[in-house]
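Peer 1: In this note's numbering, the protein residues as written are 15 to 118. Ideal placement from N, C-alpha and C gives every residue a C-beta, glycine not left out.
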Amino acid sequence: MKIAHSIFQRFGEDITVNGASAKGFISPIAPQKHDNIKKPTAVGILNGAEYLLITECAMSACGGEEVIHRGKRFSALRAEPIFYCGGISHYEAVLRKKGGAADV
15 MKIAHSIFQR FGEDITVNGA SAKGFISPIA PQKHDNIKKP TAVGILNGAE YLLITECAMS
75 ACGGEEVIHR GKRFSALRAE PIFYCGGISH YEAVLRKKGG AADV
């Protein structure tokens, strides 16, 4: 889709999905349970928090892809294509941060 592609190219941030360069948007998803928040982390990072990725890079529905954004590593829990006008416009995925406090 031309419109989605131009939006990703102009405004998207650089990410890597399984070693391939791509553009996308990552934002935190508000956690429903705060049980995991017990040890200090960097500002803006929550233990066990999930993140939403919107990208034009193809992703599998079962997840498992490794996503790197600004040096931070994420693992895709699940992903799904978003259809618009009979074709795939983009993909949306739920990510979880990989590693421990040293990875924050």
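When you compare only the Cα positions, how much space is there between GLY113 and ARG87?
Peer 2: Sequence index remark: in the sequence shown, residue 113 carries index 99 (1-based). Sequence index remark: in the sequence shown, residue 87 carries index 73 (1-based). Rounded to whole angstroms, GLY113 to ARG87 spans 8 Å at the Cα level.
Peer 1: Given SER41, which residues of its chain have a CB within under 6 Å of its CB, disregarding the five upstream and five downstream residues?
Peer 2: Here residue 41 corresponds to residue number 27 of the sequence shown, with the count starting at 1. Excluding sequence neighbours, SER41 sits near LEU66.
Peer 1: So the alpha helix (DSSP H) ARG24 belongs to, where does it begin and stop?
Peer 2: Sequence index remark: in the sequence shown, residue 24 carries index 10 (1-based). 16–25 is the span of the alpha helix (DSSP H), which, as asked, contains ARG24.
Peer 1: What three-state label does DSSP hand ALA107 in the structure shown?
Peer 2: By 1-based counting over the sequence shown, the position of residue 107 is 93. Strand.
Peer 1: Look at the alpha carbon of ALA93 and the alpha carbon of THR30, and state the distance between them as a whole number of angstroms.
Peer 2: Numbered from 1 along the sequence shown, position 79 holds the residue referred to as residue 93. Numbered from 1 along the sequence shown, position 16 holds the residue referred to as residue 30. Here the C-alpha atom of ALA93 lies approximately 15 Å from the C-alpha atom of THR30.
Peer 1: Taking C-beta to C-beta, are GLY77 and ALA107 nearer than 8 Å?
Peer 2: Here residue 77 refers to the residue found at position 63 when the sequence shown is read from its first residue. Here residue 107 refers to the residue found at position 93 when the sequence shown is read from its first residue. A distance below 8 Å separates the beta carbons of GLY77 and ALA107.
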